[in-house]
Structure formats: structure tokens, C-alpha cells
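Engineer: Supplied in C-alpha cells, the structure appears directly below.
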Amino acid sequence: MKYRRDQLDITVDVLEVIDGGMGSKSGIMKNANLSSVLAEKYTSILAEKGLITYKDGRYEITEKGKQVLERLRRIRRLQLEIDELINSVSKELF
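Residue 701 is where the sequence shown ends in the numbering used here, and the numbering goes up by one at each step.
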């Protein structure tokens, strides 16, 4: 079964790619596994929100973007912990 990413997953992926220094459109497409249309959509949204800027043909993450990315990473870690706890309790109960 294919895992389908939600908007939050894609947003984290795009921000991580840009934060990692691969802020060209092709770098975002390749490393975030997005089509040209989706890369454009997400970079437009993130730029509108002030999380990234476009300069000299590349996207760069802003300070606000770094703060949001860190919170999103924390959410991912917490989600993993919750999933592990649920699995552990389920094994004990069933």
C-alpha cells in the first residue's frame, strides 16, 4: 500500500529541503518528491506566509521558517512516540 503524504508532511519536506541548501526548484522537486505544479504550489504558499524567500533563483528559509520547521519536527517526533505507545499498549491488551 502506498503512503500518501498529507499537506503537513509535504510542507515539512519542502522546508527541510530548502533548509538543507537545495533551494532550487529542481532541487525541491527531486528531494521533496514533488511535481513541478506541486513544488510551485507549496513554495508559493510558504513564501506568502513568510517562511521562505526567493532570491537569485533559489529559495531560502527565513528565521520564521526555521522556527516553524523546528515545531513541525517536534510534532513528528511526538506523533512517532504516540504511535509507539499505542502499539505497545495494543500488544498488551490484545
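Heads up, the beta-carbon is just placed ideally off N, CA and C, and yes, glycines get one too.
What is the rounded straight-line gap between the Cα of ILE668 and the Cα of LEU615?
Structural biologist: 17 angstroms
Engineer: Specify the secondary structure class of ARG665 as computed by DSSP and reduced to three states.
Structural biologist: Strand.
Engineer: Quick check: what's the CA-CA separation for LEU692 versus GLY664?
Structural biologist: In a straight line, the C-alpha of LEU692 is about 44 angstroms away from that of GLY664.
Engineer: Between the beta-carbon of ILE635 and the beta-carbon of VAL624, is there less than 7 angstroms?
Structural biologist: yes
Engineer: Going by C-alpha distance, which of SER633, MET629, LEU622 and LEU641 is nearest ARG611?
Structural biologist: LEU641
Engineer: From LYS698, SER631 and ASP626, pick the residue whose C-alpha is nearest to that of LYS662; which is it?
Structural biologist: Closest by alpha carbon: SER631.
Engineer: Going by C-alpha distance, which of GLY628, ARG684 and LEU679 is nearest THR660?
Structural biologist: GLY628
Engineer: Let's see if you can read the secondary structure: which residues bound the alpha helix (DSSP H) around LYS656?
Structural biologist: Taken as a continuous stretch (DSSP letters only), LYS656 belongs to no alpha helix (DSSP H), as it is neither H nor E.
Engineer: May I ask you to report which of helix, strand or coil DSSP gives ALA646?
Structural biologist: helix
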